[in-house]
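Report on the following structure.
2 protein chains.
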Amino acid sequence: MKNTTPPAGRRSSALTHERVVGAAIDLLDAEGEGGLTFRALAAALETGHGAIQWHVANKTELLRAATSATVSRAVGTRDSNAAPNEAIRALALNVFDVMDAHPWLGRQLTGSPWQPSMLFLFELIGREIQQICPRRETQFTAASAVLTYIIGAGGRETANAQAPEATGDRLDLLDTMASFWENLNDEDYRFTRTMGEPLRTHDDRDVFLAGVDLIVAGTMHDRAPAAV
Amino acid sequence: MKNTTPPAGRRSSALTHERVVGAAIDLLDAEGEGGLTFRALAAALETGHGAIQWHVANKTELLRAATSATVSRAVGTRDSNAAPNEAIRALALNVFDVMDAHPWLGRQLTGSPWQPSMLFLFELIGREIQQICPRRETQFTAASAVLTYIIGAGGRETANAQAPEATGDRLDLLDTMASFWENLNDEDYRFTRTMGEPLRTHDDRDVFLAGVDLIVAGTMHDRAPAAV
DNA sequence: ACCTGAACACCGTTCAAGT
DNA sequence: ACCTGAACACCGTTCAAGT
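In C-alpha cells form, the structure reads like this:
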C-alpha cells in the first residue's frame, strides 16, 4: 500500500538504499517519528528486518538519509533574479513549508547541526546575505542567525502542531490559549496578559516571515561590531 | 554517590516528587538523555522502578518536570535596572549558559513548545521588548522571534558539542571543519568557501549574542508592517 | 553480494500484591 | 497512601546461516 515507487523494471525484490529511504520517509510522514521501526519498514517492503540493515547500518544513518533527501528535494530549484531580502523570504518559506509537511524534520534538523542539508541551506542564505552587507564577520553572523532562526521556528511550529492538545480545531485551540494568557496573574505575567489578541489573530507564516525580516533588517543597519 | 541532597531530617526512604526530579536531573547531566531510565533512577534512589512511577506517571512528565525545574532555577533572579537591549542580552546569555551546562535541555525545549518554562521566558523577553517598540503586533512578533532564536541557537550549540566528532579539542575540530569548508567545490559553495576564517576564529557566545542584537536592532527600526 | 530470522539486551508501562 | 517486583509488548542491534 505504501511502496508508491516500484522500480517497474526490476522485480520488487530489488532492495536499494534509495527504496529503503523512500519507504522510511513514507512511514515517518504517515506515523510520525515513533512509527519508523526496522520491523515496520520490513513489513512495508515485504522483507525481513535484517535485510534492511544490510543497506542501512544504523537507525541514525536512516534518519539522516531521510532528512537529507527530503530537504534537498524541496529546496532544489531557486529563483536567482529576486532581491536578496525577497530571496531569503522565499527560501525561508520554502523550508517552513517542508517542515510543516514533514513534522518529523524538526527534531532531526535541530538535533544534529552540521548535516549536509544544513550546510546547503547555509550556502543559499549566505549568497543573499553577501549582497546585503560587506563585512565577512557580519555575513557569518547573519547567515548563522537566519539559519538558526528558520530551523528553530519551523521546529517549534511543527512541535506545536504535533502536541496532544492540538487535535481539535486550530482556532479553538488558539482561542483557549489566548484566554488562558489573558487570565494569568498580573504580577508575574503583566506582558503576556496583553498578548492574547495578537495570539488569537496572528497568522503563523506571517509571524515567521516577520521574524526573518527583523534579522535581515538588523543586518542592513549593521555598523561597527563594538558600537551597539 | 549521586544523591547529593538527602532530606537530612527524614530517612532516605522519603521518596518525594522533588527528590525524583532532582535525581533525574543528576542522571541527565551525567549520562545524557539516553542515560535517564526508570531502572537507573530506581538504582540511584535505591528503590524499585515501580515506586518511582507512583510519583511520576510518565517519562514525558518526568522530562517536563526536570526541564521546568532547571530553567526556572537558573533564570530566577534578574536585574531590572538595565537598558532593554542589555537586559535581553543578559537573559539570552543566561539561557545559553543553562543549555550549555545541561545539554539535554535543547531537545526538550525545542520539542514541546509552550511549556511553562517557555511562557516564563516569553514574559521576561516581552517586558523588555515592550520598552523598545510600541505596537503590540510587533511586540508579539519580536518576542516570539527572540525566544525562538535563543532556544534554537542554544539547542544547536549543545547538539554541536554532543556530536560524536566533538570528542577532541574544540580548536582542532573547528580548524578541520574550516579547512573542509575552504575546499568545497566553488560552483556549489562559493559563499561557504569564504567563511573558513570566520568559522575558525569566531567565539560561540559572541556570534550568539550578535544574532540577538540583529533581531533587537531590526525591532528598533521597525516601521509599518506592509512597507518592507 | 544480498537476504533471512532467531537471539540478545534493553526499554516504558501495567498491575496484582504487599505494608 | 506508598512501595515492590514480576510480566508484557516492543525496540535496535548482532550474527550464524542460507542463497
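So the sequences go chain by chain: A and B. Residue 1257 is where the first sequence starts when you use the working numbering, and the numbers rise one by one after that. Residue 1257 is where the second sequence starts when you use the working numbering, and the numbers rise one by one after that. All residues carry an ideal CB built from backbone N, CA and C; glycine is no exception. Predicted model only: the values in this text are computed from it and were never measured.
If I follow the unbroken alpha helix (DSSP H) through MET1355 (chain A), where does it start and stop?
Unbroken alpha helix (DSSP H) run through MET1355 (chain A): 1340-1357.
Proximity below 8 Å, CB of ARG1412 (chain B) to CB of THR1404 (chain A):
Yes.
Using a Cβ-Cβ distance cut-off of 8 Å, determine whether MET1355 (chain B) contacts chain A.
Closer than 8 Å: no.
Using the beta-carbon of each residue, which ones in chain A are nearer than 8 Å to ASN1416 (chain B)?
Per Cβ cutoff of 8 Å: PRO1369 and TRP1370.
What residues in its chain sit with their C-beta under 7 Å from that of LEU1292 (chain B), if we drop five residues either side in the sequence?
Only ALA1280, LEU1283 and LEU1284 meet the Cβ criterion.
For chain A, check one thing: does any of its Cβ atoms lie closer than 8 Å to the Cβ of GLN1387 (chain B)?
Not a single C-beta of chain A is nearer than 8 Å to the C-beta of GLN1387 (chain B).
Listed from N- to C-terminal order along the chain, which residues in the stretch 1377-1401 of chain A have their beta-carbon within a distance smaller than 7 Å of any beta-carbon of chain B?
Cβ contacts with chain B: PHE1378, GLU1379, GLY1382, ARG1383, GLN1386, ARG1392, GLU1393, PHE1396, THR1397, ALA1398, SER1400 and ALA1401.
With 8 Å as the limit, tell me which residues of the stretch 1309-1338 of chain B have their beta carbon closer than that to any beta carbon of chain A; keep them in chain order.
For the stretch 1309-1338 of chain B, which is checked against every Cβ of chain A, not one residue is closer than 8 Å.
Taking 8 Å as the cut-off, decide whether the C-beta atoms of ARG1383 (chain B) and PHE1436 (chain A) are in contact.
No.
What span of residues does the alpha helix (DSSP H) with ASP1285 (chain B) cover, start to end?
That run of the alpha helix (DSSP H) goes 1273-1287.
Give a yes or no on contact between the stretch 1467-1479 of chain B and the stretch 1340-1351 of chain B, applying the rule of three or more CB pairs nearer than 8 Å.
Result yes; three or more Cβ-Cβ pairs closer than 8 Å.
Taking a cut of 8 Å between CB atoms, which residues from the stretch 1458-1474 of chain A lie near chain B?
Residues passing the 8 Å Cβ filter: HIS1458, VAL1463, ALA1466, GLY1467, ASP1469, LEU1470, ILE1471, VAL1472, ALA1473 and GLY1474.
List the residues of chain B whose Cβ lies closer than 8 Å to the Cβ of HIS1273 (chain A), in chain order.
Within 8 Å Cβ-Cβ: nothing; HIS1273 (chain A) doesn't reach chain B, min ~22 Å.
Residue burial classification, ASN1314 (chain B) (beta-carbon count within 10 angstroms, cutoff 16):
Exposed is the call here.
Cβ of LEU1377 (chain B) within 8 Å of Cβ of VAL1331 (chain B)?
Closer than 8 Å, so yes.
PRO1372 (chain B) in three-state terms, based on DSSP:
DSSP places PRO1372 (chain B) in the helix class (H, G or I) of the three-state scheme.
Hey, would you say ILE1407 (chain B) sits closer than 8 Å to LEU1365 (chain B), going by beta carbons?
Yes, the pair counts as a contact, with Cβ atoms nearer than the cut-off.
At least 3 beta-carbon pairs within less than 8 Å: the stretch 1353-1364 of chain A vs the stretch 1313-1328 of chain A:
Enough Cβ pairs lie closer than 8 Å, so yes.
Helix, strand or coil, according to DSSP, for GLY1291 (chain B) in the structure here?
Taken through DSSP and simplified to helix, strand or coil, GLY1291 (chain B) comes out as helix.
Considering Cα atoms alone, identify which of A:ALA1422, A:ALA1321, A:ALA1401 and A:GLN1387 is closest to PRO1372 (chain A).
Taking only the C-alpha atoms, the option nearest PRO1372 (chain A) is A:ALA1321.
If you follow the alpha helix (DSSP H) that SER1328 (chain B) is in, where does it begin and where does it stop?
For SER1328 (chain B), the uninterrupted alpha helix (DSSP H) run begins and ends at 1315-1330, by DSSP.
Residue-chain proximity (THR1432 (chain A), chain B), Cβ-Cβ < 8 Å
No, THR1432 (chain A) does not count as interfacial toward chain B.
Mapping the DSSP letters down to three states, classify PRO1390 (chain A) as helix, strand or coil.
For PRO1390 (chain A), the secondary structure class from DSSP, reduced to helix, strand or coil, is coil.
Kindly indicate which three-state DSSP category GLU1438 (chain B) falls into: helix, strand or coil?
In the displayed model, GLU1438 (chain B) falls within a helix according to three-state DSSP.
Would a check of beta-carbon distances place ILE1407 (chain A) closer than 8 Å to chain B?
For ILE1407 (chain A), the answer is yes, since a Cβ of chain B falls inside 8 Å of its Cβ.
Distance between LEU1427 (chain A) and GLY1430 (chain B) (C-alpha atoms, nearest Å):
Here the sequence assigns Leu to residue 1430 (chain B), which means Gly is not the residue at that position. Cα-Cα distance, rounded: 46 Å.
Would a C-beta distance cut-off of 8 Å place CYS1389 (chain A) and MET1451 (chain A) closer than the cut-off?
Between CYS1389 (chain A) and MET1451 (chain A), the CB-CB gap reaches or exceeds 8 Å.
Alpha carbon of ARG1392 (chain A) to alpha carbon of PHE1464 (chain A), nearest angstrom
When rounded, the distance between both Cα atoms is 26 Å.
How many angstroms separate the CA atom of ALA1296 (chain B) from the CA atom of GLY1290 (chain B)?
Distance between ALA1296 (chain B) and GLY1290 (chain B), taken at the CA atoms: about 11 Å.
Answer yes or no: do GLY1362 (chain A) and GLY1410 (chain A) have a C-beta to C-beta separation smaller than 8 Å?
Yes, these two residues count as a Cβ contact at 8 Å.
List, in order along the chain, the chain A residues whose C-beta lies closer than 7 Å to that of PHE1447 (chain B)?
Residues of chain A passing the Cβ test: GLU1379, GLY1382, ARG1383 and GLN1386.
Unbroken alpha helix (DSSP H) run spanning LEU1301 (chain B), endpoints:
Boundaries cannot be given for LEU1301 (chain B), as no alpha helix (DSSP H) includes it and DSSP labels it neither H nor E.
Between the alpha carbons of ARG1461 (chain A) and GLU1443 (chain B), how many angstroms are there, rounded?
The straight-line gap separating the alpha-carbon atoms of ARG1461 (chain A) and GLU1443 (chain B) is approximately 32 Å.
Out of A:ASN1341, A:GLY1304, A:MET1433 and A:ASN1439, which has the shortest C-alpha to C-alpha gap to ALA1399 (chain A)?
For ALA1399 (chain A), the closest alpha carbon among the candidates A:ASN1341, A:GLY1304, A:MET1433 and A:ASN1439 is that of A:ASN1341.
With a cut-off of 8 Å, does the C-beta of THR1450 (chain B) fall near any C-beta of chain A?
True, the Cβ-Cβ gap to chain A drops below 8 Å.
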